[in-house]
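Undergrad: I am attaching a structure below and will ask some questions about it afterwards.
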């Protein structure tokens with residue numbers, strides 16, 4: 001991009017950016033028993049305020065997941081969260097109805113207070129807490145060739161990830177590219193192209209991003225297949241490769257299957 005194009009892009013982005021405010025609820029809780037353990041699973045509902053949110057997120061986390069989040073945040077943001085109250089574990093009574101109800105309210109307040117702290121809500125630790133388990137499962141399904149199941153999970157978690165990463169849209173790109181790969185390998189080129197356009201929009205000003213060239217290559221091939229303008233995409237790819245030559249680039253699928261391995 002030229003300097004002028006870059007300036008115009010960022011001006012347009014500033015006009016589009018809106019502060020996304022999220023509301024957290026602990027809607028329900030259930031006791032889960034396994035062979036060697038017993039724990040409470042809390043259902044978290046995340047809703048965007050200010051307008052009707054048709055893509056509210058629903059996820060489940062256990063108390064130990066909240067505890068892990070707190071420990072990670074203390075390592076990075078000790079001063080920022082020193083006044084945040086984390087509901088402590090009790091030696092007895094953790095499975096009583098009264099205790100579970102009390103903890104539901106406390107965990108809701110905990111998430112709301114964390115979200116109010118800008119550096120925390122934008123942190124990898126906070127975003128991962130709300131999205132990583134689902135994304136890891138989705139990418140695992142992608143690696144196993146279970147594209148329909150992967151898409152089902154991604155279509156539930158990506159709207160939440162998008163709201164959490166509005167400050168840095170490029171963070172959404174791996175998940176969008178995974179959706180492209182799934183649609184393409186399920187012979188849905190039009191859907192693959194549409195989600196690829198979203199991914200390219202997220203990368204508009206970041207040509208050096210590792211996904212940029214593989215995504216352009218995949219989009220050019222899809223455009224050719226769909227009878228769309230593939231020449232301009234191919235030209236952008238060639239210009240990018242001239243600026244940053246590579247001995248052998250990964251394909252988009254080779255890149256996506258490497259995500260969330262651990």
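Numbering (full-length UniProt numbering), first residue to last: 1 to 262. C-beta: ideal position from N, C-alpha, C; glycine also.
1) Nearest-angstrom Cα distance between residue 215 and residue 144?
2) Alpha carbon to alpha carbon, what distance is there between residue 245 and residue 238?
3) Give me, in chain order, the residues of the same chain whose beta-carbon lies closer than 8 Å to that of residue 190; leave out the 5 immediate sequence neighbours on both sides.
4) For residue 85, which option in 123, 113, 60, 72 has the closest C-alpha, if you only look at C-alpha atoms?
5) Under 8 Å by Cβ, that's how I've got residue 172 and residue 131 pegged, so tell me the actual separation to the nearest angstrom.
6) Give every residue of the same chain whose Cβ lies closer than 6 Å to the Cβ of residue 16, excluding the five residues on either side of it in the sequence, and list them in chain order.
7) Beta-carbon within less than 6 Å of residue 2's beta-carbon, same chain only, minus the 5 sequence neighbours each way: which residues are those?
8) For residue 58, which option in 126, 220, 156 has the closest C-alpha, if you only look at C-alpha atoms?
9) Contact check, residue 108 vs residue 32 under 8 Å by CB: the rounded distance?
10) If you draw a straight line from the alpha carbon of residue 121 to that of residue 241, how long is it in whole angstroms?
11) Got a sec? Which residues, its chain only, sit under 6 Å from residue 202 by beta carbon, not counting five neighbours each side?
12) For residue 47 versus residue 35, is the C-beta distance shorter than 8 Å?
13) Sort out for me which residues DSSP pairs residue 57 with in a bridge.
14) Pull up the distance between the alpha-carbon of residue 102 and that of residue 148, whole angstroms please.
15) By the three-class DSSP mapping on this structure, what secondary structure does residue 79 have?
16) Comparing alpha-carbon positions, which option in 250, 88, 67 lies nearest residue 209?
17) Quick check on residue 14: buried or exposed, where buried means 16 or more other Cβ atoms within 10 Å of its Cβ?
18) So the candidates are 82, 74, 95; which of them puts its Cα closest to the Cα of residue 41?
19) Decide if residue 196 is buried, meaning its Cβ has at least 16 other Cβ atoms within 10 Å, or exposed.
20) What's the gap between the Cα of residue 180 and the Cα of residue 30?
21) Could you tell me if residue 158 is buried or exposed, where buried requires 16 or more neighbouring beta carbons within 10 angstroms of its beta carbon?
22) With the cut-off set at 8 Å, would you say residue 20 and residue 163 are in Cβ contact?
TA: According to the structure shown:
1) 21 Å
2) 10 Å
3) 226
4) Considering only 123, 113, 60, 72, the residue with the shortest C-alpha distance to residue 85 is 113.
5) So it is not a contact: roughly 10 Å between Cβ atoms.
6) The predicted model places residue 16 with a pLDDT of 45, which falls under 50 and marks its position as unreliable; any figure quoted below should be read in that light. Closer than 6 Å at Cβ, skipping near neighbours: no residue.
7) Low local confidence applies: a pLDDT of 49 at residue 2 is under 50, so the model's placement there is unreliable, with the coordinate-based value given in what follows. No residues qualify anywhere along the chain.
8) For the residues 126, 220, 156, the minimum Cα distance to residue 58 belongs to 156.
9) Not quite, the Cβ-Cβ distance comes to about 20 Å (not below 8 Å), so this is no contact.
10) 36 Å
11) 169, 170, 172, 173
12) no
13) In the DSSP assignment, residue 57 forms a beta bridge with 46.
14) 39 Å
15) Here residue 79 sits in coil by DSSP.
16) 250
17) A caution first: residue 14 carries a pLDDT of 45, below 50, which makes its placement in the model unreliable, though a value can still be read off. Per the 10 Å Cβ criterion, exposed.
18) Nearest of 82, 74, 95 to residue 41, Cα basis: 95.
19) Within 10 angstroms of the beta-carbon of residue 196 lie 16 or more other beta-carbons, which makes it buried.
20) Each residue's alpha carbon lies about 35 Å from the other.
21) buried
22) yes
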